[in-house]
Amino acid sequence: MEDHVTAGVDGSPESRAAARWAAREAVLRQVPLRLVHAVDWPLDPVFPGLGRQDVDRWADQALTEAAQELHGRHPNLEITTRCLTARPAAALAAEAADAGLLVLGSRGLGGLVGFIAGSVAMSTLVATGTPVVIVRVADDPDGLGTDSSAEVVVGVDIHEACDRVLSFAFEEADRRDCPLRVVHGWKMPAAYSYVPFFDPDNERDIGRSVTHMVDDMLLPWRHKFPDVNVSHSVFMGSAGDHLVRAAQGAQLVVVGRHVRRSALGAHLGSVAHAVLHHAAAPVAVIAHD
């Protein structure tokens, strides 16, 4: 079992929010926290015109200030720092290899405008099999964290193996002592679009069948985590849209992504992509086969 939580730190408000979230998670897990900063020398656009010593000094200061702030909030939390010279996404993915969780800000100082999740976060996500949580400043505007009684929301697909996703979601709800809501979106079979006279009873029958399948999927997890208050929402329509709506007021949203590559490289699925860019809550992305 990996024995620490890792957070990427670059001095931006987003990374500070991520570090605070990571510290609270490390306390919940009763594990140390590692803060990591990667300097992409000499290509880092964050530091135009600065020399190497200036950049190193700035990086050390960013890590020191983050660690001091978190020590003040969590005096019993063990915190270590690491400053690396490497491309940020590659360095963070490598650091995640021996961590139980990697926490990143939604957009660092070098983020691309228009991508809410940020280029570094997105590149890191598809480069690691470790669970990754993306945190925005809006998720933690005052550093106090979200409502501890708010639910954890998880998206599932009855046609996929969701064990890793459900395990993460149930464990998070259990350690937070909060409700867990399971969300599944389904669509009518494509053949129904060619039926001239659609019987609404068919839709209701399929909906009931899907609900039973979700119940069956959750049954072993209910037995494993009897103290977790579980509910589920089964909708006809886009799973991504329903998860984004369910994220309102949630303290964490959990989605899965396939570990697979296309001709253009690794990528996120449409549901994970939609949630990462639009959900109003921290988002945990769990890689699975």
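All residue numbers for the sequence shown refer to my numbering, where the first residue is 218 and numbers rise by one.
For glycine and all other residues, C-beta sits at the position ideal for the given N, C-alpha and C.
Please state the DSSP three-state secondary structure of residue i.
{"i": "L301", "result": "strand"}
{"i": "S450", "result": "strand"}
{"i": "T281", "result": "helix"}
{"i": "I351", "result": "strand"}
{"i": "H221", "result": "coil"}
{"i": "V226", "result": "coil"}
{"i": "H490", "result": "helix"}
{"i": "I503", "result": "strand"}
{"i": "V343", "result": "coil"}
{"i": "I423", "result": "helix"}
{"i": "H376", "result": "coil"}
{"i": "L294", "result": "coil"}
{"i": "G317", "result": "coil"}
{"i": "V337", "result": "helix"}
{"i": "V186", "result": "Residue 186 is absent from the structure shown; the chain starts at 218 and stops at 506."}
{"i": "A390", "result": "helix"}
{"i": "A306", "result": "helix"}
{"i": "A497", "result": "coil"}
{"i": "V248", "result": "coil"}
To which residues of the same chain is residue i closer than 6 Å at the C-beta, ignoring the five residues directly before and after it?
{"i": "H449", "result": "V399, V431"}
{"i": "A310", "result": "T341, A344, T345"}
{"i": "C379", "result": "V373"}
{"i": "A497", "result": "A464, Q465"}
Spatial neighbours of residue i within its chain, please: CB distance less than 8 Å, with the 5 preceding and 5 following residues excluded, ordered by chain position.
{"i": "E242", "result": "V222, L318, V320, V350"}
{"i": "P348", "result": "G317, L318, L319, F385, A501, V502, I503, A504"}
{"i": "S487", "result": "G457"}
Can you say whether residue i is buried or exposed, counting buried as having 16 or more other CB atoms within 10 angstroms of its CB?
{"i": "Q285", "result": "exposed"}
{"i": "E377", "result": "exposed"}
{"i": "S426", "result": "exposed"}
{"i": "D257", "result": "buried"}
{"i": "L250", "result": "buried"}
{"i": "R439", "result": "exposed"}
{"i": "R233", "result": "buried"}
{"i": "L252", "result": "buried"}
{"i": "L436", "result": "exposed"}
{"i": "A314", "result": "exposed"}
{"i": "G473", "result": "buried"}
{"i": "L493", "result": "buried"}
{"i": "E368", "result": "buried"}
{"i": "R421", "result": "exposed"}
{"i": "Q468", "result": "buried"}
Which residues in the same chain have their Cβ closer than 7 Å to the Cβ of residue i, if we skip the five residues on either side of it in sequence?
{"i": "A279", "result": "V226, D227, G228, H254"}
{"i": "F452", "result": "G402, H459"}
{"i": "V447", "result": "L397, V399, L435, R439"}
#### Entry: Within the segment 428-474, ranges of the alpha helix (DSSP H) (whole runs, at least 4 residues)
Those alpha helix (DSSP H) runs which fall completely within the segment 428-474 and span 4+ residues are 456-463.
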